[in-house]
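Q: Let me give you the structure first, and then I'll get to my questions.
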Amino acid sequence: LSHFFHSVVCHWLISTGGVLHLTLAHGQCQRWNAIALAKDQGLVLLRKCDFRPPPPRGKGHKTWYQQRRHQSGKSFKKRTKGSETLVFCRNKDEKHLRSLESS
2 LSHFFHSVVC
12 HWLISTGGVL
22 HLTLAHGQCQ
32 RWNAIALAKD
42 QGLVLLRKCD
52 FRPPPPRGKG
62 HKTWYQQRRH
72 QSGKSFKKRT
82 KGSETLVFCR
92 NKDEKHLRSL
102 ESS
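Residues 2 to 104 (this note's numbering) are what the sequence shown spells out, left to right.
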């Protein structure tokens, strides 16, 4: 994850106000020490919540989202007790983003 967070900071969150949504299986964040690794790369956790799949694109449409594992294509749902989403931002953007959330 350290290399992933480094890449996010150097290439994805270049403009002010960008955020990273990272979804992991419950317990994975602690096992992988994700928050500390993110902090080492200059990221701060804005919030952590249970994962909710995106809604369908419009009335009468099915959602395009499918919960799958990356390599095998098998369902991930059976292996976990759910997932959680962590939302990170760059340390220098935290104050600005928190003010937007409270408005």
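All C-beta atoms in this analysis are idealised placements derived from N, C-alpha and C, irrespective of residue type, glycine included. Remember, predicted model here, so these are calculated numbers, not experimental data.
Would you identify the three-state DSSP class for His62, choosing helix, strand or coil?
A: His62: coil per DSSP, three-state reduction.
Q: Could you check how far apart the C-beta atoms of Val45 and Glu95 are, in whole angstroms? I think they sit under 8 angstroms.
A: 5 angstroms
Q: Assuming Leu110 contacts Leu47 (C-beta within less than 8 angstroms), just tell me the rounded distance between them.
A: Past the boundaries of the shown model lies residue 110; the chain is included only from 2 to 104, so the question cannot be answered.
Q: Use the C-beta contact count for Arg58: other C-beta atoms within 10 angstroms, 16 or more gives buried, fewer gives exposed.
A: exposed
Q: Can you find the residues in the same chain that come closer than 7 angstroms, C-beta to C-beta, to Arg91, ignoring five residues on each side of it along the sequence?
A: Val10, Leu14, Gly43 and Leu44
Q: For Gln31 and Gly61, what's the separation of their Cα atoms in angstroms?
A: 39 angstroms
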